[in-house]
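Worksheet for the structure shown next.
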Amino acid sequence: MPKVKMILDLDTGVDDALALAYAVGHEDIDLIGIIASYGNNLTSVTAQNSLDLLDLLGQNDVPVFYGATHSTTTDDFTVMEVSKTIHGQNGVGDVLVPKSKRTISEQSGVDFLIEAAHEYKDQLVYLPTGPLTNLALALEKDPEIGQLIGQTTLMGGALTVPGNVTPFTEANINQDPEAADIVFHQQDKLTMVGLDVTLRTLLTKKHTAEWRAIGTTKAKLYADIMDYYIDAYYNLDIDKRGAALHDPLAVAVAVQPDYVDTMPLNMKVTTDKETGDYGRTIGDTDQLLDPCHSQAAILVDQDRFVSDFQNMMKKVLA
273 MPKVKMILDL
283 DTGVDDALAL
293 AYAVGHEDID
303 LIGIIASYGN
313 NLTSVTAQNS
323 LDLLDLLGQN
333 DVPVFYGATH
343 STTTDDFTVM
353 EVSKTIHGQN
363 GVGDVLVPKS
373 KRTISEQSGV
383 DFLIEAAHEY
393 KDQLVYLPTG
403 PLTNLALALE
413 KDPEIGQLIG
423 QTTLMGGALT
433 VPGNVTPFTE
443 ANINQDPEAA
453 DIVFHQQDKL
463 TMVGLDVTLR
473 TLLTKKHTAE
483 WRAIGTTKAK
493 LYADIMDYYI
503 DAYYNLDIDK
513 RGAALHDPLA
523 VAVAVQPDYV
533 DTMPLNMKVT
543 TDKETGDYGR
553 TIGDTDQLLD
563 PCHSQAAILV
573 DQDRFVSDFQ
583 NMMKKVLA
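For the sequence shown, the numbering used here gives the first residue as 273, with consecutive numbering after it.
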């Protein structure tokens, strides 16, 4: 029996697609919905990607909801060129995944999150792998969910290593630092799974070759999607050893926290555009003496996680 009800908040992208597959396969997770966000692509594209991948994985009963289409401080959103290079023009490595016949839910993702928080409380795990805009908007509408949600595990931030957008800022936090700062201050039971640990978890084409050998359509498509990502990492000189399992590691940590060592730390996100100290995830000196409500992953058992991830993918793609 699943132990948790999980909501994925995805800007589906390649590693988001992997996180989705991992969540689908994990016996402790009951995936109750996906909220779409901007980030790796436009919200309209990421929502459709999630819907298509759910159907590909045989999960056509999981609803998808539209979330925010831009940050809390802007009126629109333009996909960064580097995002298109890393994830493809369509977000999933320019691989054509069969289009779902289903439609996106008419309910807003923010309202769905609020309702789920009140219904499931401690049983709910909320897992954002893109900007934190949707959660910030939900907290603004109903601050009570900051204490209701059982666990929020986010992929984003960088505490002990440089960012991947600026020397300080990781990509997901960079999309909406102001929203991230709201979340870091108002959301209890928060775990940050950032570049400190995700950059250590690398998948290679030896792994995707094993997916191809399974012989199913979904295995081939997922291998094509991931190979695009691995090539992008190589060509952009991000990492020539493989591509990082950013988002699936966050899903894994949410239900198996012993994959990582964490540091208890009340954090903030810097928002000073004038000095350039913008989008940094760092300890909040104003909260150093307060009870700790958040933690940051700083070490990971990468060999165990990559092995477990590979076994899970082979099961899901069979």
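Think of the CB as a built atom: it goes at the ideal place given N, C-alpha and C, for glycine as much as any other residue.
Annotation: residue 327 to residue 471 spans about 29 Å, alpha carbon to alpha carbon.
The Cβ atoms of residue 567 and residue 542 lie no closer than 7 Å to each other. Between residue 509 and residue 538, the C-beta spacing is not below 7 Å. For the options 332, 540 and 579, the alpha carbon positioned closest to that of residue 478 is the one of 579.
Between residue 325 and residue 292, the CB-CB gap stays under 7 Å. Ranked by Cα distance from residue 345, the first of 450, 441 and 413 is 450. Cβ atoms of residue 446 and residue 551 come within 8 Å of each other, at about 5 Å. Here the stretch 353 to 373 makes no contact with the stretch 423 to 430; the two share fewer than three CB pairs at distances below 8 Å. When secondary structure is reduced to three states using DSSP, residue 402 falls in the coil class, being assigned neither helix nor strand. Ranked by Cα distance from residue 367, the options 497, 467 and 513 are led by 497. In the DSSP annotation of this structure, the continuous segment of the alpha helix (DSSP H) that includes residue 287 starts and ends at 286 to 297.
At a Cβ-Cβ threshold of 7 Å, residue 283 and residue 527 do not count as neighbours. Comparing alpha carbon positions, the residue from 418, 417 and 466 closest to residue 436 is 466. C-alpha of residue 297 to C-alpha of residue 353: approximately 32 Å in a straight line. If you draw a straight line from the Cα of residue 439 to the Cα of residue 518, it comes to about 18 Å.
Under the DSSP assignment, residue 478 falls in the alpha helix (DSSP H) whose first and last residues are 477 to 486. With a 10 Å radius around the Cβ and a threshold of 16 neighbouring Cβ atoms, residue 468 comes out buried. Here residue 339 is actually not in contact with residue 295; their C-beta atoms are around 17 Å apart, not less than 8 Å. Ranked by how close their Cα comes to the Cα of residue 364, the residues 321, 337 and 343 have 321 in first place. By the criterion of a C-beta distance shorter than 8 Å, residue 586 is surrounded in its chain by 482, 483 and 486, once the five residues flanking it on both sides are discounted. Pairing residue 418 with residue 444 gives a Cβ-Cβ distance that is not under 7 Å.
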